[in-house]
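Heads up: the sequence lines are chains A and B, in that order.
Per the working numbering, the first sequence runs over residues 1 to 307.
Per the working numbering, the second sequence runs over residues 1001 to 1307.
Each residue gets a CB set at the ideal place from its N, CA and C atoms; glycine is no exception.
Written out below as structure tokens is the structure these notes cover.
Number of protein chains: 2
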Amino acid sequence: MIDPDVSAVLRAAHRIAPYAHRTPVLTSRSIDARVGAPVHFKCENFQRSGSFKLRGAVNGLLGSLTEARGRGVVTHSSGNHAAALALAARLLDVEATVIMPETASEAKRQAARRYGARLIACGPTLADREAALESFISAHGALFVPPYDHPDVVAGQGTAALELLAEVPDLATIWVPVGGGGLASGTVLVAEAAGVTVRAGEPELADDAYRGLACGERQPAPPPLTVADGLRTALGVLNFRILHRYGLTVTRVAEEAIVEAQRLIWNVLKVVVEPSSAVPLAALLEVGADAPAGVILSGGNVTLPEV
Amino acid sequence: MIDPDVSAVLRAAHRIAPYAHRTPVLTSRSIDARVGAPVHFKCENFQRSGSFKLRGAVNGLLGSLTEARGRGVVTHSSGNHAAALALAARLLDVEATVIMPETASEAKRQAARRYGARLIACGPTLADREAALESFISAHGALFVPPYDHPDVVAGQGTAALELLAEVPDLATIWVPVGGGGLASGTVLVAEAAGVTVRAGEPELADDAYRGLACGERQPAPPPLTVADGLRTALGVLNFRILHRYGLTVTRVAEEAIVEAQRLIWNVLKVVVEPSSAVPLAALLEVGADAPAGVILSGGNVTLPEV
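Here you go:
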């Protein structure tokens, strides 16, 4: 496979259009005042399945549809990719199996089940998941759709930035969170072609992208300590290659800054986001801006406290 | 003054456009499935000041701008109208004073202060507020901008339904919450002209509109028991007249249904709404629908629990 480029993103936009929401862009004058420039929030928390992950999952399935229909698909995930793949599979008439650690929240199990996926429980570690995945694939021959380390998935995730730039063409910068790097690499493909700068926010407690891009070598997954549960993974191989070639600047943020940014989004923007989605705004608030900035709010799958 | 009609709403839409957000309309397939028909949510929780009230406040000020600039304006409110009038006054270069019960939450006091209004504390009862208002007006000659019982305010609130129908022309019904009746009457003016039915949700614990419209006589304000704090007031005189002439059907909902609908909106639609905003969806879930329905989400000013 060759690395995807912006034309892969344009093709993805065309083919996922019947299945994905075109999400709205929101603004808040009081956030603009705090940042120092207009900020445009691309609300992927409103995306179907509750996060941008649906874009990559649908594009991943469409890229191998005959095979996927023949063999069924499988993935391992305790988070948004599980729900996204389950929904994408239902929309495209594909059988899906999701391997989830038994420690995954009931809410996340329910989401995958609601979309009709088969659930298989496994142990809590990455090794447990990979072993369960291997054994499922040997037994059933299903096609593995990875959460970020795949050209079709990366191209699908890039469509969020494409829509954002179509709606707000004068952005100087687009801020994204970085975990596995699917959203960040897809955004880079679009932004490079458009002459816009991509910046990333990453939790201090899960700063493998920051450290790896600085020393030129992929780092292992950090211990799962940060509140931003979507960003606890390490960069994928393809994702690292794209982001390193691009020279992505990563800003690290403290846990308190993430929680504060999340509350700001809830209180001022009035949208429900999960902690991972607040990481780029936390970074942007620290760095400031003097020209219009975009922020991709990655998802809204969070268990709400009782009111 | 004569009662406003749809052309007053069209004029209001034109004149408030530079000051109000054109708010997005959101949908959710899982809510559609529960209701039985497509539901389109007009997100006034994203409106400036955090609720639809800005529309009426701006239109109220623009209707008497010379007088308002000369004398300043005043209102009494512990809720969204206070913040809306404060912001409208700042946008239009008018001095504003808000009389707030000393029991109002610090969050609401801060909102009014942030927009530059002068705050005057008063006792907790309606009589206390009205006495403080009278004495302020005698002393300073300020112009009173009421929260709902005024033709310009009603016309301003109707602009939300106008935008909703412009975006989703095939609605059969528009659901609104009913408290003082500003939003409900403005929506009626638009919906009548467009051939759409208006339906209202009201808390069982504050059902003065339901009882008053049934017997043909305005009822006194209910005791402030419902969690839907924006709907604790009685219908205004003008509002009662418009809604009674129209023959509005009001569906009453229990407190538990309001809280459940609020959580559904948070969890599935991923937007932050205050309890009053969940009342029409609670009613719609009870009644069901067999044709596309609109729901106006009135506001998002709620103190969030700690995450």
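By the criterion of a C-beta distance shorter than 8 Å, Leu1189/B is surrounded in its chain by Pro1004, Asp1005, Val1006, Ala1008, Val1009, Val1154, Ala1155, Gly1158, Ile1242, once the five residues flanking it on both sides are discounted.
By the rule that beta-carbons nearer than 8 Å mark a contact, Asn267/A touches chain B.
Going by DSSP, Ile1242/B is part of the alpha helix (DSSP H) stretching over 1237-1246. Contact check between the stretch 1138-1148 of chain B and the stretch 1110-1117 of chain B: fewer than three CB pairs, one atom from each, fall below 8 Å, which does not count as touching.
Ranked by Cα distance from Pro275/A, the first of Gly230/A, Glu163/A, Val74/A is Gly230/A. If you draw a 10 Å sphere on the C-beta of Glu1163/B, you find 16 or more other C-beta atoms in it, and that means buried.
Taking C-beta separations shorter than 7 Å and ignoring five residues to either side along the sequence, the partners of Val253/A in its chain run Gly201, Pro203, Glu204, Val279, Ala282, Ala283, Glu286, following chain order. Between Ile1174/B and Gly1294/B a beta carbon distance of about 4 Å is seen, short of the 8 Å cut, so the two are scored as contacting. Using a Cβ distance threshold of 8 Å, Arg71/A and Ala142/A count as a contacting pair. In the structure shown, Arg1199/B adopts extended strand secondary structure according to DSSP, grouped into three states.
Residues of the stretch 38-69 of chain A with a C-beta less than 9 Å from any C-beta of chain B: Cys43, Asn45, Phe46, Arg48, Gly50, listed in chain order. Per DSSP, Phe41/A lies in no alpha helix (DSSP H); the unbroken beta strand (DSSP E) holding it starts and ends at 39-43. Val271/A and Ser1051/B have their C-alpha atoms some 14 Å from each other. In the structure shown, Ile99/A falls within a strand segment according to DSSP collapsed to helix, strand and coil.
Residues of chain A whose Cβ lies closer than 8 Å to the Cβ of Gly1300/B are, in chain order, Lys270. For the 8 Å CB-CB criterion, Lys108/A and Ala82/A form a contact.
The beta-carbon of Arg113/A is placed no less than 8 Å from the nearest beta-carbon of chain B. Distance from the CA atom of Pro124/A to the CA atom of Asp1207/B, rounded to whole angstroms, is 52 Å. Taking Cys1122/B as the centre and dropping the five residues before and after it, the same chain places the C-beta of His1076, Ile1099, Met1100, Pro1101, Glu1102, Asp1128, Arg1129, Ala1131, Ala1132 closer than 8 Å to its C-beta, in chain order.
Every unbroken stretch of the alpha helix (DSSP H) spanning 4 or more residues and falling wholly within the stretch 250-307 of chain A is given here in chain order: 255-264, 275-287. For the stretch 269-289 of chain A, the residues whose beta carbon sits under 7 Å from a beta carbon of chain B are, in order, Lys270, Val271, Val272. Taking a C-beta cut-off of 8 Å against chain B, the contacting residues of the stretch 246-268 of chain A are Val259, Gln262, Arg263, Trp266, Asn267, listed in chain order.
Under the 10 Å beta carbon count, Asp1152/B is surrounded by 16 or more other beta carbons and is classified as buried. For Ile296/A against Ala160/A, the beta-carbon gap comes to about 6 Å, under 8 Å, which counts as contact. Excluding the 5 residues flanking it on each side, Ala13/A has same chain C-beta neighbours closer than 7 Å at Thr159, Leu162, in chain order. The beta-bridge partner set that DSSP reports for Leu119/A consists of Val98/A.
Only residues of its own chain outside the window of five on either side were considered, and among them Leu1061, Val1094, Leu1143 have a CB closer than 7 Å to the CB of Ala1068/B, listed in chain order.
In this structure, the CA atom of Pro24/A is about 43 Å from the CA atom of Gly1216/B.
With a 10 Å radius around the Cβ and a threshold of 16 neighbouring Cβ atoms, Arg48/A comes out buried. Judged by their CB atoms, Val196/A and Leu171/A are nearer to each other than the 8 Å cut-off. At a cut-off of 8 Å between beta carbons, Leu1143/B makes no contact with chain A.
Contact between Phe1046/B and His1021/B holds: their C-beta atoms lie close to 6 Å from each other, under 8 Å. Counted as a single uninterrupted DSSP element, the beta strand (DSSP E) harbouring Ile1174/B occupies residues 1173-1177. Just measuring C-alpha positions, the residue of Phe240/A, Thr233/A, Ala228/A, Gly79/A sitting nearest Glu256/A is Ala228/A. Interface residue (Cβ-Cβ distance to chain B less than 8 Å): Leu304/A is classified as such. In the three-state DSSP reduction, His21/A falls in the coil class, being neither helix nor strand.
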